[in-house]
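Each residue of the sequence shown is one higher than the last, beginning at 1317 in our numbering.
Each residue gets a CB set at the ideal place from its N, CA and C atoms; glycine is no exception.
All of these numbers come straight from a predicted model, not from anything done at the bench.
Shown next, in structure tokens, is the structure this report addresses.
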Amino acid sequence: MTSSDPTAIPDPWHSLHELLAAMDAEIEQVYLERGLDGVRTRFAYPLIRLAHTGPLTIRELAKSLNRSHSAISQTVAAMRKEGLVTSEPGPDARTRRIDLTERGRSLVPFLEAEWRATHQTVAELDGELPYAMTAVVEEVRRALERRSMRERILHHLVEPPPLGSQG
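Right, here's the structure in full:
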């Protein structure tokens, strides 16, 4: 160890992660109140998309949702476990085609209604805040386009000396 524990300092991301988790938990509470046991907020986007596109490979689904292959693969596995999607061999041995089950398809009308209600709620929140969340996110995105997160980290990074060079 070369210095004090940097994780002892409050994490600047903590409040954002906590807020997003609390918002997701509130949405999941709506699902539970409607009897949708086992449905997670991360399922809504892919389920709605599959209802509109028909079966897709995990790669196609990930691309259409602008998510990573890994994230969608994990979400599909969780949705399959809940009986919301099926996974069949795709056009080649490396791919799987994902499709909705009857249960998954039956959830889509409610998920679309919740999606719209959530977007209206975000717009309502934006109107109550001195700085709209959506505007702040867009400003952060633009700032990172001007100078990337990587560049900013490297500017502040003070690397320790290589092992063995400490006299």
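- Annotation for His1385: Ile1374, Arg1375 and Ala1378 place their beta carbon closer than 8 Å to its own, counting only its chain and skipping 5 residues before and after.
- Nearest to Gly1370 by alpha-carbon distance, out of Tyr1447, Ser1403 and Asp1321, is Ser1403.
- For the 8 Å CB-CB criterion, Leu1400 and Thr1417 form a contact.
- Around Met1449, the same chain offers Val1438, Leu1441 and Asp1442 as residues with beta carbons nearer than 8 Å, after the five sequence neighbours per side are excluded.
- According to the DSSP assignment, Leu1363 belongs to the alpha helix (DSSP H) that extends over Thr1357 to Thr1369.
- Apart from sequence neighbours up to five positions away, the residues of its chain that approach Ala1387 with a beta-carbon distance below 8 Å are Ala1378, ordered along the chain.
- In the DSSP assignment, Arg1462 falls within the unbroken alpha helix (DSSP H) covering Met1449 to Arg1462.
- Assignment of Asp1415 by DSSP, reduced to helix, strand and coil, places it in the strand class.
- In this chain, Ser1320 is not harboured by any alpha helix (DSSP H), its DSSP state being neither H nor E.
- In the structure shown, Val1401 falls within a strand segment according to DSSP collapsed to helix, strand and coil.
- Judged by DSSP secondary structure, Ala1409 falls outside any alpha helix (DSSP H); it is assigned neither H nor E.
- Short of 7 Å from the beta carbon of Thr1357, and not among the five residues preceding or following it, lie these beta carbons of its own chain, in chain order: Asp1340, Ile1343 and Glu1344.
- The C-beta distance from Tyr1361 to Val1355 rounds to 12 Å, too long to meet the 8 Å contact threshold.
- Shown here, Leu1372 sits in a strand according to DSSP, grouped into three states.
- Between Leu1363 and Leu1460, the C-beta spacing is not below 8 Å.
- Annotated three-state conformation of Arg1468 is helix, per DSSP.
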